[in-house]
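Residue 114 in our numbering is what sits at position 86 of the sequence shown, and the numbering runs on without skipping anything.
Worksheet: the structure to be examined is printed underneath.
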Amino acid sequence: MSALADRPHISTADFEEAARILSRLEEEARLELINGKVKSKPMPDGDHGRIIQWLLRICMQHRPELFLDPNQGLKTEAYRNGRLRPDGSLVPCDAFVGQGEWADPEQVLMVVEVTSHDSDTDQRDRVEKPRAYAETGIPLYLLIDRDNCEVSVYSEPDGGRYESVHTVPYGKPLLLPDPVGITLETEPLKDWVN
Numbered sequence: 029m030s031a032l033a034d035r036p037h038i039s040t041a042d043f044e045e046a047a048r049i050l051s052r053l054e055e056e057a058r059l060e061l062i063n064g065k066v067k068s069k070p071m072p073d074g075d076h077g078r079i080i081q082w083l084l085r086i087c088m089q090h091r092p093e094l095f096l097d098p099n100q101g102l103k104t105e106a107y108r109n110g111r112l113r114p115d116g117s118l119v120p121c122d123a124f125v126g127q128g129e130w131a132d133p134e135q136v137l138m139v140v141e142v143t144s145h146d147s148d149t150d151q152r153d154r155v156e157k158p159r160a161y162a163e164t165g166i167p168l169y170l171l172i173d174r175d176n177c178e179v180s181v182y183s184e185p186d187g188g189r190y191e192s193v194h195t196v197p198y199g200k201p202l203l204l205p206d207p208v209g210i211t212l213e214t215e216p217l218k219d220w221v222n
């Protein structure tokens with residue numbers, strides 16, 4: 029993996045082949061291609077997984093025609109042929125049928141990231157991914173920030189960044205604007221900070 033990470037840029041085809049090989053060899057490896065560079069994403073811990081379960085249940089209750097997919101990788105072509113693996117992608121139920129490991133993000137209404145406790149989370153989740161998702165045109169980016177105990181929704185992508193960011197501390201409600209239209213009651217997140 030270090031040989032891949034040390035390369036200044038890698039082609040999308042080379043990345044996809046390396047990710048396939050590594051996923052067969054190492055169950056704990058999750059690779060992404062961000063800004064032409066290979067990044068390793070840490071495997072989620074129990075609290076991280078519980079936050080995704082909580083959000084999945086809310087989405088199912090309020091928008092049963094949608095599914096919060098916690099596994100699908102996305103092609104972010106506008107972002108240097110990137111390949112990102114969000115913690116969740118909110119889509120119509122059949123949006124990813126037949127798409128393979130890296131899907132077209134055209135039908136994605138919202139992507140979700142939950143911060144991890146690693147040294148790269150600040151750059152990855154707060155800088156690189158919002159830019160990549162905005163450039164791809166995904167309407168909403170939800171960041172559940174366990175380090176700062178706050179939740180942010182980024183909206184109104186303009187092709188290079190999100191024009192609007194609304195942040196609340198854990199415990200305050202957060203409206204996910206259209207096209208999602210759900211208000212999150214964030215009090216339970218206080219239990220899953222670690």
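For each residue, glycine too, the CB sits at the ideal point set by N, CA and C.
Only a predicted model underlies this, so the values are computations on that prediction, with no experimental measurement involved.
Sequence-distant residues of its chain with Cβ nearer than 7 Å to residue i (five each side left out)
i, result
"Phe95", "Val119 and Cys121"
"Pro207", "Leu137 and Pro167"
"Tyr190", "Pro158, Ala162, Tyr169, Tyr182, Ser183 and Glu184"
"Gly199", "Thr214, Glu215 and Lys218"
Beta carbon of residue i nearer than 8 Å to that of residue j
i, j, result
"Ala160", "Leu112", "yes"
"Asp115", "Pro92", "no"
"Arg174", "Val142", "yes"
"Ile79", "Leu203", "no"
Buried or exposed by the 16-neighbour rule on C-beta atoms within 10 Å, applied to residue i
i, result
"Gly126", "exposed"
"Gly188", "exposed"
"Glu215", "exposed"
"His76", "buried"
"Asp8", "With the chain covering only 29 through 222, there is no way to say anything about residue 8."
"Val221", "exposed"
Residues near residue i in its chain [Cβ-Cβ closer than 6 Å; skip 5 each side]
i, result
"Tyr169", "Val139, Pro158, Tyr161 and Tyr182"
"Pro205", "Ser183"
"Gly209", "none"
"Trp240", "Past the edges of the chain, shown from 29 to 222, lies residue 240, and the structure says nothing about it."
Extent of the continuous beta strand (DSSP E) to which residue i belongs
i, result
"Glu178", "Glu178 to Pro185"
"Phe95", "Leu94 to Asp97"
"Leu137", "Counting along the chain, Leu137 falls outside any beta strand (DSSP E), and DSSP gives it neither H nor E."
"Asp173", "Leu168 to Asp173"
Given residue i as reference, the closest of the options once Cα atoms are compared
i, options, result
"Val133", "Pro167, Pro207, Val196 and Leu204", "With the sequence shown as reference, residue 133 is identified as Pro, and Val is not the correct amino acid for it. With distances taken between Cα atoms, Pro133 lies closest to Pro167."
"Pro212", "Asp97, Ile86, Glu163 and Asp175", "Note on residue identity: the sequence assigns Leu, not Pro, to residue 212. For the residues Asp97, Ile86, Glu163 and Asp175, the minimum Cα distance to Leu212 belongs to Ile86."
"Glu163", "Asp186, Leu202, Phe124 and Ile210", "Asp186"
"Gln100", "Phe124, Gly165 and Arg152", "Phe124"
Where the alpha helix (DSSP H) through residue i begins and ends
i, result
"Pro158", "Lys157 to Thr164"
Residues of its chain near residue i, where Cβ-Cβ distance is below 8 Å and the 5 sequence neighbours each way are ignored
i, result
"Arg52", "Low local confidence applies: a pLDDT of 49 at Arg52 is under 50, so the model's placement there is unreliable, and no value is given."
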